[in-house]
Each structure stands twice: as structure tokens, then as C-alpha cells.
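**Q**
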């Protein structure tokens, strides 16, 4: 995958003499010290990241952490004080005004926290705004606006005015406006922050659904770690203008870089972050054609209560220690004949949340890939250990 | 016993300085320049004055009454009709048309000069800072003070009167244009910019349409101030109703002075009601300037519904 956006050592100083503050930053002084000495405010400090084509990169931080400044530097609404921001090899910080305009018109668009819809324009006119700015003809604009409104499910409200729509609908219009010019990059500045929790969840699901077909490169800003974990392929935690940690949801929650991140992750529903494969162990399986007493002996050696039975590539069933012993007593010899076909199974990518009911059966859970092959086994105890933060 | 005062020791010849500046430098050096800049004013004024005086009374009354009715409702329409008939019956029709031509000319130039100044002030804090004290002076300085240099630079007559009117009536439209554009939500302007709008496109597409109500309020103020100058302008040779009042004053002819005054008041009420209604009815829902102008002439009842609707749903923007 190629990198769509590359930010290297980007800093932003608000004030009249950024050079002075930058020099102090390089000496290792902290934000507050610089502010008290020079009166300059450090917005973003030495941030590095790359966003791949088609990735959702979430920047999560509290207010004042510099996340809004950061996203505005990507489309040049705010000029960085130092560092480089490359979008497809064009440096936003140093490119010409024409290049910047063309980039904003064709490649990068933005969705705003408070929707920022134009109250004097209809929904369709709002959606077509970027196209109008580009000089697209009226008929084509209208057609394109309708197509995009169709995508977000608002085609029937094209001639309404924004104030006549609910908050969720307004943000759909905001999203449609962002998509109208078919940009490759979507910058979303806390787009769901002003919405009710239930509507927010719907919008998150809808965004993921849209993204499945659109495959845009998205930089998503939020102050809600849950939202970040749901949406982000990768997540950056930002504090005081700096990236504290960058990683996948599992990395952030599983191994927080410091106490600050750990404090955030404390409230997180871990069962919706971790996937089954993260706690899987090497599968201990036995061929369907094997002898039952061999199987029983192996379980004793490995101190296991059950073994999975494979038939060629596929999982065929499960053999518990009890049924193996019983089978030995009755004289059944072949594993295939005593193996139970009722066993808990899940995809390796299933969330732990989905494993709860299976874990209650007390049997190890089989993880099967798309071809039905056994890729791992999750001991039921491990599910609860992981949730408790022990593993 | 005389108390000591600083003037016992030092006298500042302030009046001499001003005289030297205006008479000795400004007038000899810049008179041709000022003569030249009054050219467009002369053209507009002559044209308007000619047209307004050439249109038959009944036709003009019909037009203005229709405009008042459509823009501001039936009441204002009837008032306009009655007022114009009254003005004609007291024999001041031609003077009223001359005053109207002067006022419209002055307001037109106030818009042409004032709106760009207001936009510039909205875009630059420095420009606003420099502009503010100048506007304060223009609004507070008694107009008699600048009548003298204006006569020196432009001579006497209608046009110098209009120049004085422009100076007096300009500040509100500049201030309210500035205010209107500054009160456009910052994230809307930012959104426009983020979609690649140039600053001109952001102004035309977003800022100006959203500021138009405030700007129209400024226009109304400017119009009223311009009318209030009608009598003062007669001092330096302006004609119209102001001249009627001024002549009445000179001859202690209370009847004529009152008639002129009543004419000015009636004209003021008509223009105020129409311009206010036009400013208020400019609901935010119009896309182009053409549509905006068209909406001014839509029946008044619809605008009231629009205004109510807007009041009912101010949230959620």
C-alpha cells in the first residue's frame, strides 16, 4: 500500500515569532515554559505519520490537544510552522496558491464538526458547492449532487434547506458535500461530535459501510476513544500537540504507551476491541482416524480437557476427555465414532464479545478460517483473562 | 483680578494653520482633481433628476405605490399613495422629485463606496482600526464645518451638496457591512475555503448573502441620514424641498417652510418603510443576487410567512 499523506516533523506555533519558539522547542523546553517565556503557543509539536491509501487514520485527543490544528494543516487551512506535509508528493506547506486550490477542489475535502452547511443554500446546492467553485455546469452539478445524496439516503430532501433537517441528516449532507467532488482524501473534524449518542453510532456504522465501497483515505478526528477504536485502522492518541501513541485498536488498548493512554483505555469495552485470534493458542488436534486411547493419553500429557478432531484440512468435531474415557470402556476404538459435532467455533477475526456465549459451554473454542481450517483454539478461561486485563 | 491662563504666554494660531492648509495648499493644488471626481456624480444626478421630473406624476405615483405595496404591504402602499397626492396638491411635486434624485444619487454613491470599504474592514483588522476613527469623525463633526471647504473645492450647487451628503451618510453602511460580514459564522467561511473557494468566491457565495440583511439595515440608515441633509445642503445651493424650507426660513414664511418640512417627512417615511421591508424580507434563502432582487418584489404576505418561519427555527444551523 502506498502512502497518501505523509507528515514529517510537522510543528505549528501560534504567535508572531514562531522561529523563536521553534528554537526553544528543539532545545527540549515544554509548551508551558515556551508560552510563559515567549508568549507563543505551541499547537502541534513534531508530529510524524503516514496514512496509506484507503486507510482510516483516527486522531484522538481532548480539546486543546492540537488535533483540529493538525487536520487543518493537511489541507492548508493552517500553514505549518515547520515540517513537511506531502499529499501525493505535493508539499502543502510550500506549494503555490493554484496547486493548493486545485488540491482542495479535486483531491481533499473536509467534513466539519458543526456541519458548516450554508443556510442560504438548499441541500442540493450545499452538496454541489465544491463543484460550483470548480466551475462545473449547473445541470451536471445537480445530477452529481443527486447521485451523492442518494448514497447517503437523502435524495428526497434535495430541495430542503439545512435548518429543516435533523442533526444527523445535516451531517449526512455534510458528508455528501465532502464526497461530491469525488476526492481521494476525506478530512473529518469531529464529524459526529455534535450528534446524539444513538445517531452517532448509526453514523459510524454508515461511514464504515460507505467506506467499504468508496475506499477513501480518511483522516478522522475525534475526542471519543470508543469512536476511534470502532472506526480506525490505525489510531493516534494526541496530547499537548504531540502524538503519544500510534497503533491499531488492539495495540492501543492492549499495550498503552503510558499512564495517559492507559487512563483512557480503562473505560473501554475491551470485548469489542480484541479479536479471538489475539488470545488463540496453537491448536492441539488429532486426526479423525486416530485411536481413542492415543487421544486420551495425549490429553493427559498436555493436561487438556478436550481435543479437536480434524478430518484432512477441516475441523470435524471435538473429543472431550470424558467421552474418550467412556469410549475406551465401551471398546470404541476410532476417534471419528466418538467425536461430538457440537463444538463452539468462530472466525479468528471475531470480537471477544461474540465469544461470550461460546465460552459458557466450557469447551475450547475453535477458530476456523474461511476455508474451514483450524487456525487456533481459544481456551474459555482466556476470554475472561483478556477482558480482565490479565493477559 | 485676572487668573493666569496658558493663553497669556502662548497662542496657537490653529485657524491660521487650517486656512493655510486648505486655502494655501489643498485648494490650489487639488481643485482640478476634485472637479474631476465630481463628474460621475453630476452624470447620475442629472440623469435621475431629468427622468424623475419627466415622468408624469400619476405614473410615478403608481410605480412607487406598487413597489411599496408589494414590498411592505397594503398599509404602506395606501400611505404612499396618499402622501404623494398630498405633496402634489400642496404644489411641491417638482421639488420632491429633485430631493429624491439627490438622495438616491447620494445613497447610490454611498453603496458604491461604502460596501467595498466595509468588506475591506471585515477582512483586515488593521484596516478597520484605521477606518474606525475616520468614520467616527465623519459621523460626529457638524456638517456645517465641512460645507466651507467643500464649497472651496467644488463650488456651489447641487453636486457639492451631494458630496456633503455622502460624507455625512456614508458611515452606517460601511459599519454595518463590516459587522454583517464579520458576523458570518467562521466555520462557514472556512468550509468555503476548504472546498477550494478563492476569497472572492467565498465573499460572493457565502459571506455576502449571509450578511445582506445587516447590510440592508445599514442602507436604511444611510438613506435616512441622506434625507436629513436635505435642508443643510440648501445652504450651499442644493435645490428641492430643502430649498423651500431654507427660503421659508429666510423670509420668515412659516407656511412654506412647514410645507417643505412636511414633504421631507413624508418622503422619509415612505423610503424608510420600503427599505426596511426590503431589508427584513431578505430571508436567508436565496441563492443569487438576481433572486434576491426578485424576492423584493414578491407579494408581501409571503415574506411575512418566511420571516415567521425563520423566527420559529433559528436553531440547528
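Protein chains in written order, with my numbering: chain A, 1 to 391; chain B, 1 to 317. Every residue gets a Cβ at the ideal spot worked out from N, C-alpha and C, and that includes glycine.
What does the alpha-carbon distance come out to for the pair residue 141 of chain A and residue 209 of chain A?
**A** If you number the first chain from 1, residue 141 of chain A lands on position 141. If you number the first chain from 1, residue 209 of chain A lands on position 209. Cα to Cα, the separation comes out at about 25 Å.
**Q** In or out: residue 113 of chain A buried (at least 16 other Cβ within 10 Å) or exposed?
**A** In the first chain, residue 113 of chain A corresponds to position 113, counting from 1. Burial call: buried.
**Q** Can a CB atom of chain A be found closer than 7 Å to the CB of residue 38 of chain B?
**A** Taking the first residue of the second chain as position 1, residue 38 of chain B is located at position 38. For residue 38 of chain B, the answer is no, since every Cβ of chain A falls outside 7 Å of its Cβ.
**Q** Closer than 8 Å is the cut-off here; do at least three beta carbon pairs connect the stretch 137 to 151 of chain B with the stretch 64 to 83 of chain B?
**A** The stretch 137 to 151 of chain B is not in contact with the stretch 64 to 83 of chain B.
**Q** Measuring CA to CA, which of A/94, A/370, A/341 is closest to residue 349 of chain A?
**A** Your numbering for residue 349 of chain A matches position 349 in the first chain. The residue with the shortest Cα to Cα distance from residue 349 of chain A is A/370.
**Q** Are the beta-carbon atoms of residue 103 of chain B and residue 234 of chain B separated by less than 7 Å?
**A** Against the second chain, residue 103 of chain B aligns to sequence position 103. Against the second chain, residue 234 of chain B aligns to sequence position 234. Going by C-beta atoms, residue 103 of chain B is not nearer than 7 Å to residue 234 of chain B.
**Q** Could you please tell me which residues of the stretch 181 to 209 of chain B, in chain order, have their CB closer than 8 Å to any CB of chain A?
**A** If the cut-off is 8 Å between Cβ atoms, the stretch 181 to 209 of chain B has 185, 187, 188, 190, 191, 192, 193, 194, 195, 196, 197, 198, 201, 205, 206, 209 near chain A.
**Q** What residues are listed by DSSP as bridge partners for residue 6 of chain A?
**A** Position 6 of the first chain, counting from 1, holds the residue named residue 6 of chain A. Bridge partners of residue 6 of chain A: A/50, A/86.
**Q** Would the beta-carbon of residue 261 of chain A fall within 7 Å of that of residue 244 of chain A?
**A** In the first chain, counting from the first residue as 1, residue 261 of chain A sits at position 261. In the first chain, counting from the first residue as 1, residue 244 of chain A sits at position 244. For residue 261 of chain A and residue 244 of chain A, yes; Cβs fall inside 7 Å.
**Q** Could you tell me the boundaries of the alpha helix (DSSP H) in which residue 33 of chain A lies?
**A** Residue 33 of chain A sits at position 33 when you count from the first residue of the first chain. Start and end: 31 to 38.
**Q** Helix or strand or just coil, what does DSSP make of residue 31 of chain B?
**A** Position 31 of the second chain, counting from 1, holds the residue named residue 31 of chain B. Helix at residue 31 of chain B.
**Q** Answer with buried or exposed for residue 120 of chain A, where buried requires no fewer than 16 other C-beta atoms within 10 angstroms of its C-beta.
**A** Locating residue 120 of chain A in the first chain gives position 120, counting from the first residue. Burial call: buried.
**Q** Which residues does DSSP pair with residue 351 of chain A in a beta bridge?
**A** For the purposes of this step, residue 351 of chain A is identified with residue 351 of the first chain, where counting begins at 1. Residue 351 of chain A pairs with A/275.
**Q** Closest Cβ-Cβ distance between residue 133 of chain A and chain B: below 7 Å?
**A** Residue mapping note: residue 133 of chain A aligns to position 133 of the first chain, counting from 1. Answer yes: the Cβ-Cβ gap between residue 133 of chain A and chain B drops below 7 Å somewhere.
**Q** Could you give the uninterrupted runs of the alpha helix (DSSP H) lying entirely in the stretch 31 to 103 of chain B, keeping only those of 4 residues or more?
**A** Runs of the alpha helix (DSSP H) inside the stretch 31 to 103 of chain B: 39 to 54, 57 to 72, 74 to 89.
**Q** Could you pull the start and end residues of the beta strand (DSSP E) that residue 247 of chain A belongs to?
**A** Position 247 of the first chain, counted from the start, is the residue given in the question as residue 247 of chain A. Residues 242 to 247.
**Q** Alpha carbon to alpha carbon, how far is residue 42 of chain A from residue 32 of chain A? Give it in angstroms, no decimals.
**A** If you number the first chain from 1, residue 32 of chain A lands on position 32. If you number the first chain from 1, residue 42 of chain A lands on position 42. Going from the Cα of residue 32 of chain A to the Cα of residue 42 of chain A covers about 9 Å.
**Q** Just the C-alpha distance for residue 43 of chain B and residue 189 of chain B, rounded to the nearest angstrom, thanks.
**A** Within the second chain, numbered from 1, the residue matching residue 43 of chain B stands at position 43. Within the second chain, numbered from 1, the residue matching residue 189 of chain B stands at position 189. Going by the C-alpha atoms only, they are around 38 Å apart.
**Q** Along the stretch 346 to 368 of chain A, what residues have a CB closer than 8 Å to any CB found in chain B?
**A** Going along the stretch 346 to 368 of chain A in chain order, one finds no residue with a Cβ nearer than 8 Å to chain B.
**Q** Against chain B, with Cβ distances strictly below 7 Å, would residue 7 of chain A count as a contact?
**A** On the first chain, residue 7 of chain A is found 7 positions in, with the first residue counted as 1. Not one chain B Cβ lies under 7 Å of residue 7 of chain A.
**Q** Hey, how far is the Cα of residue 59 of chain B from the Cα of residue 273 of chain B?
**A** In the second chain, counting from the first residue as 1, residue 59 of chain B sits at position 59. In the second chain, counting from the first residue as 1, residue 273 of chain B sits at position 273. Going from the Cα of residue 59 of chain B to the Cα of residue 273 of chain B covers about 21 Å.
**Q** To the nearest angstrom, how far is it from the Cα of residue 32 of chain B to the Cα of residue 178 of chain B?
**A** In the second chain, the residue the question calls residue 32 of chain B occupies position 32. In the second chain, the residue the question calls residue 178 of chain B occupies position 178. The alpha-carbon atoms of residue 32 of chain B and residue 178 of chain B are separated by roughly 33 Å.
**Q** Taking residue 135 of chain A and residue 180 of chain A to be in contact with their CB atoms under 8 Å, please state how far apart those CB atoms are, rounded to whole angstroms.
**A** If you number the first chain from 1, residue 135 of chain A lands on position 135. If you number the first chain from 1, residue 180 of chain A lands on position 180. Not confirmed; about 14 Å, so no contact.
**Q** Is it buried or exposed, residue 137 of chain A, if we count other Cβ atoms within 10 angstroms and call 16 or more buried?
**A** Translated into the one-based positions of the first chain, residue 137 of chain A becomes position 137. Burial call: exposed.
**Q** DSSP on residue 361 of chain A, reduced to helix/strand/coil?
**A** In the first chain, counting from the first residue as 1, residue 361 of chain A sits at position 361. Coil.
**Q** Is residue 114 of chain A close to chain B? Criterion is C-beta to C-beta, closer than 7 Å.
**A** Along the first chain, one-based indexing puts residue 114 of chain A at 114. So yes, residue 114 of chain A belongs to the interface.
**Q** Does residue 316 of chain B come within less than 7 Å of chain A when only Cβ atoms are used?
**A** For the purposes of this step, residue 316 of chain B is taken as the residue at position 316 of the second chain. Residue confidence is low: residue 316 of chain B scores 36 on pLDDT, short of 50, so the model does not pin down where it sits. Its coordinate-derived value is still stated next. By this cut-off, residue 316 of chain B is an interface position.
**Q** Is the CB of residue 130 of chain A under 7 Å away from at least one CB in chain E?
**A** Reference to chain E is not applicable here, since the protein chains of this structure are A and B.
**Q** So is residue 75 of chain A buried or exposed if we call it buried at 16+ other beta carbons inside 10 Å?
**A** Numbered from its first residue, the first chain carries residue 75 of chain A at position 75. Its Cβ being crowded by 16 or more others within 10 Å, residue 75 of chain A is buried.
**Q** Please report the residue range of the alpha helix (DSSP H) in which residue 224 of chain A lies.
**A** Mapped onto the first chain, residue 224 of chain A falls at position 224. Note, residue 224 of chain A: premise wrong, no alpha helix (DSSP H); not H, not E.
**Q** Where does the unbroken alpha helix (DSSP H) through residue 224 of chain B begin, and where does it stop?
**A** Translated into the one-based positions of the second chain, residue 224 of chain B becomes position 224. Where residue 224 of chain B is concerned, the enclosing alpha helix (DSSP H) stretches over 208 to 228.
**Q** Mind checking if residue 188 of chain A is an interface residue toward chain B, Cβ cutoff 7 Å exclusive?
**A** Position 188 of the first chain, counted from the start, is the residue given in the question as residue 188 of chain A. Output row for residue 188 of chain A: interface = no.
**Q** What residues in the stretch 115 to 126 of chain A bring their beta carbon closer than 9 Å to a beta carbon of chain B?
**A** Against chain B - using a Cβ distance shorter than 9 Å - the residues of the stretch 115 to 126 of chain A are 115, 116, 117, 118, 119, 120, 121, 122, 125.
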